[in-house]
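K.L.:
Below you will find the structure I want to go over with you.
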Amino acid sequence: MARTPDYFKGKTIVITGGGSGIGRSTAVIFAREGANVVVGDINEEGGEETIRLVKEQGSDGLFVYTDVTKRDNVRNLMNTAIEKFGKIDFLFNSAGSALRRCGFLEIDEDLWNLSYDLNVKGTFYGIQEVLPHMLKNGKGVIVNVASMAVRRGGPGTSVHYASAKGAVNTLTMGVAREFADKGIRCLSVSPASVSTNFQAASGTTKEHEERIIAANPMKRNAHPDEIGELVLFMCSDACEFMTADTVYVSGGGGFR
């Protein structure tokens with residue numbers, strides 16, 4: 286939570302991948318705290334549902350169709366948010382996916398390229414498109430989604446994804462250090478397995494998910510709102526010396 290009462294009230298967050306999962310939970314949590322929420326996603330139905338949930342919290346919100354692999358889509362998302370609410374205080378780059386689980390030798394060029402387009406380029410575009418606005422305002426917080434997979438490498442199932450998320454952490458560090466004296470903070474969050482549609486979308490089998498849970502000391506997946514509450518804290522005035530870091534949310538496991 287923030288040190289200052291009503292810290293988020295009237296501020297604006299843009300969330301990519303906000304139509305479901307971690308992005309949606311984060312949207313509702315920020316709305317609970319009084320923030321305006323702008324959601325970008327390729328899932329129009331999911332994005333509109335997120336905005337309905339945002340408005341149930343008493344906050345204002347807007348959905349903008351956004352394919353984060355296309356720079357013009359991301360630019361339109363940022364411009365629309367600024368036109369609607371006047372400024373962007375926070376950006377949460379939540380859009381991402383493992384796309385398809387497979388062994389290393391089964392990774393074809395299309396899967397590799399799409400992994401980087403979605404997970405790395407999508408984050409890169411978001412940061413580049415919002416930074417000039419934040420620099421003009423003299424402040425802003427950017428939070429990116431990485432993964433515990435960067436500590437394990439994704440052997441046998443998702444080397445492409447782990448590699449891309451490792452790039453997200455490096456991107457986060459570089460941006461944070463370059464703009465730290467300009468009022469900009471840039472961080473990433475690296476969750477272990479989270480109970481969202483991510484697993485089904487990437488073709489995770491029931492047996493694989495059971496192995497993931499069994500190997501975790503807490504014997505469960507994370508809940509999306511547990512990640513969203515962390516993002517809220519990272520964006521708040523309670524940790525303003527924190528930048529360039531990734532926060533691992535592991536349930537105690539997944540480091541090797």
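The sequence shown begins at 286 in my numbering and counts up one residue at a time. Even glycine gets a Cβ: it sits at the ideal position worked out from N, Cα and C.
So that I know if they touch, is there some Cβ in chain D lying closer than 8 Å to that of Gly441?
P.N.:
Here chain D cannot be found, since the structure has a single protein chain.
K.L.:
Exposed or buried, which one is Lys467 when buried takes at least 16 other CB atoms within 10 Å?
P.N.:
exposed
K.L.:
Rounding to the nearest angstrom, what Cα-Cα distance links Ser344 and Asn321 in this structure?
P.N.:
6 Å
K.L.:
What do you reckon, are the CB atoms on Met433 and Tyr533 nearer than 8 Å?
P.N.:
yes
K.L.:
Which one or two residues does DSSP pair with Ala507 in a beta bridge?
P.N.:
According to DSSP, Ala507 bridges with Val479.
K.L.:
Once you ignore the five residues that flank Asn328 on each side, which residues in its own chain have a CB closer than 6 Å to its CB?
P.N.:
Gly304
K.L.:
By the DSSP assignment, the beta strand (DSSP E) with Ile327 in it spans what residues?
P.N.:
Segment: none, Ile327 is in no beta strand (DSSP E) and carries neither H nor E.
K.L.:
Following the continuous beta strand (DSSP E) through Asn429, name the residue where it begins and the one where it ends.
P.N.:
425 to 430
K.L.:
Label Lys363 either buried or exposed according to how many other C-beta atoms from any shown protein chain fall within 10 Å of its C-beta, with 16 as the threshold for buried.
P.N.:
With the sequence shown as reference, residue 363 is identified as Met, and Lys is not the correct amino acid for it. Buried.
K.L.:
Once DSSP output is grouped into helix, strand and coil, what is the label at Gly451?
P.N.:
helix
K.L.:
Closest to Arg385 by C-alpha separation, out of Ser379, Gly539, Asp395, Phe377, would be which residue?
P.N.:
Asp395
K.L.:
So the candidates are Leu472, Ala500, Ala477; which of them puts its Cα closest to the Cα of Phe526?
P.N.:
Measuring from the Cα of Phe526, the nearest candidate turns out to be Leu472.
K.L.:
Mind checking whether Met286 and Ser521 have CB atoms under 8 Å apart?
P.N.:
If you check the CB distance, Met286 and Ser521 come in under 8 Å.
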